[in-house]
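Under my numbering, the first residue of the sequence shown carries the number 53, and numbering increases by one thereafter. Each residue gets a CB set at the ideal place from its N, CA and C atoms; glycine is no exception. Treat the numbers as computed from the prediction; the structure is a model and nothing was measured. First comes the structure, then the notes that go with it.
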Amino acid sequence: LAYELIQNADDARGDNGRSPATTLSFNITDDALIVENDGVFRPVDFNRLQNLAGGGKRDEADTTGAFGLGFIAVYQITDAPEIFSNNIHWVIRPDAPADRRIIERSVPTTGTCFVLPWAFDERSDVRRALRIAAVVPDQLDMFAAHFAQAIEVAALFLTRLHTLTVLRNGRLRKQITHRQTPDDQIVLTDEAGQTQKWLLLQGDFAADAAWLRGQYAWQIESKRRNEVRLALPLKGLDRPGRLFAMLPTNSTTPLPFHINADFYPTTDRKRIHFDNGYQAEWNRAAIRCAARILARRFAALPQLLDPVGLWQLLQQMTAAHHLAGAGDLPETFASFWQAVAPILRTQPIFYTVNETWTLPKDGRLLVRGGGETAVSLLKQLNIPVAHPDLTPYATLMQQPEIGTPCLTIQDITDALRHYGLMQPQPLSEAPLFLRSVEALQSLWHLIDALLNRIFHPRETEMALDLLHSCALVLTDRMTLDRLDRVYYGKPDAQALFPEVHWVHTAVSTTTFPGRYLQSFGVRQAVDLLAETPIDRLEEAWRMGRLDLPALFRWFESQQIEIFADDPALQQAIRRLPLVPVNGELRPLADLYLPGGFDDPLRLAGLVDVDALGGRPQFLHDLGVRELEFTTYVHSQLPRALAYHPDLPSDARHRLLDLLAERLGEIRDDEALQAQLARLPLIATMDGAFRPADEVYASRDVLALLGDTVHVAEPVESGAVLALHRWLGVRTQPTAADIVQRLVQISRQWGNDQTPLDDRMQDVVTQCLHRLDQMLVAEAGVETAVAPLKSLPVIPNAQQILMRPDCLFV
């Protein structure tokens, strides 16, 4: 009854300036059901009530149902309905003679009001004629409850009405306000302000409808609409959907949304035809249209539904597909899954533990038995595993139409690399979510489960290669390291290498990572030392934790591995900074065994054999070179002077004595001569050491060049004097020095026209004389004197410096 009365009010169209009904209320009083709306009866509506068999509504577009049923339904509860509308009051007495069946009076009215007195008298003529039971007063509260429930469902697809109200004796019991938003959402708000939101999807099956009308031209009315509307709840998708033939029917589906179309219902308007005939074909076309509508708008659903709701919807569609295939549901309901399935792989429908949406192929499913701890860990690792709430849908996610893969070892290692777990690090510096033994054991358990799911040896090998790149193993020093850098070791090895990462007791020997660890050998020792920062090695050596003699004795005891099994170890050992030199550790590759002479600088990098346990033969076997004098002066000496400019003076003098003593061995090496000439080897009068080509041998040049030039300290040793000459210490001024001296004098005397004193006149004259001689005897001097052409450097008769271009000869 409520549905029929709502339908008739929603059908009321505005004519002749009148607005259609927008509000409808049901007041269940103790005497009557009073139904009011703000629309107005048209004359045609009064005419139809006079002749219920006259029809007419089906001939109007945009009206619902068959004519007359809506109003006839009122006789279920009343014997004498009354109508107030358009300033007319009708009292209808169906049991009266035809000419007195409708009593009409003119009264002022507002809107439309139906007064339906309760048919309490079970012996009335109308009750007996209709064979309908009388209304029992005790039923009125139940009626109010039924009406309140009915308006919640009926309000969904209203076209003109927007507010439905139920009262009991004038007191509000239920009110539903219908509002459609610009983004196609239907918002139903009750009297308490609680809202339900639905997504409204719309479309039509015009092409199918045209074909069906062509096939059944006489049966399908031209005014029957082919529009379809689908209402999907944004919350609470666990309730079955209902089919609406504009207003609700009793036909439900295992799908959570309601479908509204101009279906062909059964004669009692309670169910929808899906069996045979043109009516069933029309209805099936409407359902297929609804499936297409849902598929077209599916991309928007992840942002509108909660994740469980979305996957519940998918699960319900697959269930409907199976039920239809088994014959337990009309076959047309399989079309929803058939329409949506082809697009699922391309839609971000996979909701992760990190509460983000992604494509199914980019998501991951956790292996069975992972547990909540593993889920929490994977969330911290930012691995897009399925949110725990979606666990019931894991099987669906793996279906070919969706194709979500299971979690793999590579997923784990990629995430660990992202968090910097490629390099060894203290557990205290690991990502916060891995800073406990329990968290690591959870990670190990997960990895072990993944490894156990791999059956092909090659795949296992590839997985282990990936795991070897990450620092996953806990050591006895509470650090994390890679599988190939944590070892089982005997007590003597652990005593010799206290800094080695020995496996922690929390690591099981039968599961990951314990069953993949190695025992410790020379190769492992060398690799570990190579990866240890030099400052840590030196600290260990100074503190006595790194016993170098014991280490080299251990190396020597492993000669089979070093010289036979893995010859590359020889070079690797030479590269390790394990040799004390001047308070620091240096590699054997940069050092030499003593070669029969003393390094006066103590910087040449000689191996102190005693500091390594006194085993020179083993060092020879390792390929350590003996330092020869020529090697010393070619490579060690230039580097020592370059990196140690503050060498003490006495060490430098001893170096000169050594070079002078052995000059005969290097005298003919011109390249070495040129190299040493550029080194600061010559002691000068100012206490510094300078390259030979910057130093003069005698003070005699000072009178000519001034005190800005550098003069070598007096030397008594003939060998050292010979070394000076070989290195190229200057004995005569160069053209460049003379030119520089003249430039200096010009700046001092040439700008203010002051005559030169006699001493300076003599200096200038000697400089010019020497340059004149050099121009004749030496090449390139002309270029050197070019700057003087524009400067006042030539004294005139008054001993005033003039530019060359201002003088006449």
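Candidates the options: closest to residue i by CA position
| i | options | result |
| --- | --- | --- |
| glutamine 191 | Ala84, Ala283 and Phe607 | Ala84 |
| aspartate 314 | Phe209, Ala482, Thr460 and Arg714 | Phe209 |
| serine 750 | Gln451, Ser769, Gly780 and Gln784 | Gln784 |
| proline 807 | Arg706, Glu830 and Leu853 | Leu853 |
| alanine 723 | Leu779, Ala774 and Pro700 | Leu779 |
| phenylalanine 93 | Ala73, Thr81 and Ser77 | Ala73 |
| phenylalanine 868 | Ala694, Tyr644 and Gln669 | Beyond the ends of the chain as shown, which are 53 and 861, falls residue 868; an answer cannot be given. |
| leucine 580 | Tyr539, Asn278 and Thr563 | Tyr539 |
| isoleucine 401 | Leu430, Gln355 and Gln546 | Gln355 |
| aspartate 662 | Phe649, His686, Phe604 and Glu204 | Phe604 |
| leucine 381 | Asp752, Ser560, Met595 and Ile324 | Ile324 |
| threonine 247 | Leu418, Gly288, Phe296 and Ser701 | Gly288 |
| glutamine 818 | Val828, Arg349 and Ala755 | Ala755 |
| glycine 770 | Arg793, Ala712, Asp809 and His556 | Ala712 |
| phenylalanine 326 | Glu383, Trp363, Leu366 and Asn99 | Glu383 |
Residue j beta carbon less than 7 Å from that of residue i
| i | j | result |
| --- | --- | --- |
| leucine 396 | isoleucine 345 | no |
| alanine 132 | arginine 153 | no |
| proline 394 | glycine 415 | no |
| threonine 161 | serine 137 | yes |
| arginine 597 | proline 646 | no |
| alanine 186 | alanine 202 | no |
| aspartate 500 | histidine 520 | no |
| proline 317 | threonine 301 | yes |
| tyrosine 127 | leucine 182 | yes |
| phenylalanine 199 | valine 87 | no |
| leucine 264 | glutamate 333 | yes |
| aspartate 703 | proline 632 | Contrary to the premise, residue 703 reads as alanine rather than aspartate in this sequence. No, the pair does not count as a contact, with Cβ atoms beyond the cut-off. |
| valine 845 | serine 798 | yes |
| alanine 729 | alanine 744 | yes |
| leucine 213 | tyrosine 55 | no |
| proline 847 | valine 816 | yes |
| glycine 883 | cysteine 341 | Lying before the first or after the last residue shown, residue 883 is absent from the chain, which here runs from 53 to 861. |
| threonine 456 | leucine 417 | yes |
| glutamine 850 | glutamine 813 | no |
Same chain, Cβ closer than 6 Å to residue i, five either side skipped, listed in chain order
| i | result |
| --- | --- |
| glycine 117 | With a pLDDT of 38 at glycine 117, under the threshold of 50, the modelled position of that residue is not reliable, and no figure is offered here. |
| lysine 249 | Gln237, Val239 and Leu286 |
| leucine 715 | Leu775 |
| arginine 276 | Asp314 |
| serine 842 | none |
| histidine 374 | none |
| arginine 782 | Tyr748 |
Those residues which DSSP pairs with residue i across a bridge
| i | result |
| --- | --- |
| histidine 776 | Histidine 776 pairs with nothing; no bridge assigned. |
| phenylalanine 649 | Note: phenylalanine 649 sits in no beta bridge, so no partner. |
| valine 747 | His762 |
| serine 798 | According to DSSP, which records beta bridges pairwise, serine 798 is partnered with nothing at all. |
| cysteine 458 | Leu417 |
| cysteine 870 | What is shown of the chain runs 53 to 861, which leaves residue 870 out entirely. |
| glycine 255 | Val280 |
| leucine 216 | Leu76 and Ile228 |
| tryptophan 409 | Tyr403 |
| threonine 527 | Val555 |
| histidine 439 | Paired residues: none, contrary to the question. |
Check: residue i C-beta below 6 Å from any heavy atom of the ligand NAD
| i | result |
| --- | --- |
| aspartate 463 | Ligands displayed in this structure: none; no statement on the ligand NAD is therefore possible. |
Contacts around residue i, its chain only, beta-carbon distance under 7 Å, and the 5 residues preceding and following it disregarded
| i | result |
| --- | --- |
| proline 629 | Ile586, Leu589, Leu637, Arg638 and Pro639 |
| phenylalanine 388 | Leu307, Ala343, Leu346, Met369 and Ala372 |
| alanine 352 | none |
| cysteine 522 | Thr465, Leu468, Arg469, Leu473, Met474 and Arg534 |
| proline 601 | Leu664 and Gly665 |
| alanine 105 | Residue placement at alanine 105 cannot be trusted, given a pLDDT of 32 that sits under 50; what the coordinates show is reported in the next sentence. Correct list: empty, nothing qualifies. |
| glutamate 243 | Leu224, Lys226 and Gln227 |
| alanine 196 | Ile80, Val218, Arg220 and Arg225 |
Beta-carbon proximity list for residue i, same chain, < 8 Å, skipping 5 on both sides
| i | result |
| --- | --- |
| arginine 179 | Asp131, Ala171, Asp173, Ala185 and Ala186 |
| threonine 736 | Arg742, Val747, His762, Val763, Ala764 and Glu765 |
| serine 571 | Tyr539, Tyr540 and Gly541 |
| alanine 558 | Val489, Leu492, Gln493 and Leu526 |
ask   = At what residue ranges does the stretch 281-313 contain a whole run of the beta strand (DSSP E), taking only runs of 3 or more?
value = 293-297, 299-305 and 310-313
task = Write down every uninterrupted run of the alpha helix (DSSP H) in the stretch 782-858 whose length is 4 residues or greater and which is fully enclosed by it, in chain order.
result = 787-801, 810-829 and 833-837
query = Fully enclosed by the stretch 364-402, which beta strand (DSSP E) runs are 3 residues long or longer?
reply = none
key: Those runs of the beta strand (DSSP E) which lie wholly inside the stretch 616-701 and span at least 3 residues   = 629-633 and 636-639
inquiry  = Please give me, in chain order, every unbroken run of the alpha helix (DSSP H) with length at least 4 that falls completely inside the stretch 560-591.
reply    = 574-583
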